[in-house]
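The block underneath contains the structure these notes are about, expressed in structure tokens.
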Amino acid sequence: MARVLSRFLFVVTFCWMMPSAQAASLTIAAAADLKFALAEVVENFRVQHPADKVEVIYGSSGKFFTQLVNGAPFDLYFSADIAYPQKLASQGLTAGAAHPYAIGRIVLWGIGSEWAHLGLQDLPRSKVAKFAIANPQHAPYGLRAQQALQHAGVWEAMQPRLVLGENVAQSAQFVDSGAADAGVVALSLVLSPAMQGKGNWTLIPADWHEPLEQGYVILTRARDNPLARGFAGYMASEPARAVMRRYGFVLPDEGGK
């Protein structure tokens, strides 16, 4: 009996020490406006998947698109512009169609008290020496910032003062650090715990720029990865949606501008 019990304990201990055969990994390329919101969603998802590894890399949606076309090893792609995932799908680089997950908003943000009452149209007459936006060439939030400045009739006047970030998170960092006096950044960033309460911001009307319809797609290499589909499904859950709302995103099925 003692010998049987000893063997049983050995087997139990050995099995406990072995890594789980069910453990999986997931690598996500995500737009920089999701730096805080998606991080919170992922943290909640990890509670349900403690044995699995989820890594998120944040950056410019346009640069990620170029990397993915060239075979970058990502499983999921969360873009600030659904057009990029749709292009990947049309090129046969995804495991299915692109899906909308949020509509983003942009704000005029500055650290000084004067930004409580200044608007885009006031910029040329202001004391702003450096004004931050994301690079419109590859960052959707930068392109929408350009469109808003054009709508306000100040794009040309602001050209000498522009400081371009690689992505919208870097543009926000420029303002936060004082490297820029103000800028157009993502609402989701100024609502984050790291930025909340700093300076003043004004929501830019949604009809001043093309909609920031954001979308994700599962990439070809994750076609048979259940964790990828699990995370995509979790994004549609109420806990994940609640996080996105809290960061100022409009959910696709809830409409509104």
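So for the sequence shown, the numbering used here puts the first residue at -3; every next one is plus one. No residue lacks a Cβ here, since even glycine has one placed at the ideal position from N, Cα and C. Since this is a predicted model, take the numbers as computed values, not measurements.
In three-state DSSP terms, what is Leu30? In the structure shown, Leu30 sits in a helix (DSSP, three-state: H, G or I).
Three or more C-beta pairs closer than 8 Å, one from the segment 161 to 178 and one from the segment 205 to 220: is that the case here? No, the segment 161 to 178 does not touch the segment 205 to 220.
Residue from Asp29, Ala19 and His134 with nearest C-alpha to Met191: The shortest CA-to-CA distance from Met191 to any of Asp29, Ala19 and His134 is the one to Asp29.
Are the CB atoms of Phe70 and Ala25 within a distance shorter than 9 Å? Yes, these two residues count as a Cβ contact at 9 Å.
Can you tell me which of the three DSSP states His95 falls into? Shown here, His95 sits in a strand according to DSSP, grouped into three states.
Under the rule that 16 or more other beta-carbon atoms within 10 Å means buried, what is Ala47, buried or exposed? By the neighbour-count rule (16 or more Cβ atoms within 10 Å), Ala47 is not buried but exposed.
With DSSP as the reference, label Asn59 as helix, strand or coil. One point to set straight first is that residue 59 is Lys, not Asn, in the sequence displayed. DSSP places Lys59 in helix when its eight states are reduced to three.
Which one or two residues does DSSP pair with Glu36 in a beta bridge? Bridge pairing for Glu36: absent [DSSP].
With a threshold of 8 Å, are at least 3 pairs of Cβ atoms found where one atom belongs to the segment 83 to 90 and the other to the segment 46 to 66? Touching, per the Cβ criterion.
Does the distance from the CB of Ala256 to the CB of Ala178 come in under 9 Å? Shown here, the chain extends from -3 to 253; a query on residue 256 therefore has no answer.
Going by C-alpha distance, which of Arg101, Glu51 and Ser109 is nearest Pro248? From the listed residues Arg101, Glu51 and Ser109, the smallest Cα separation to Pro248 is found for Arg101.
Which of helix, strand or coil DSSP assigns to Phe41: Correct three-state label for Phe41: helix.
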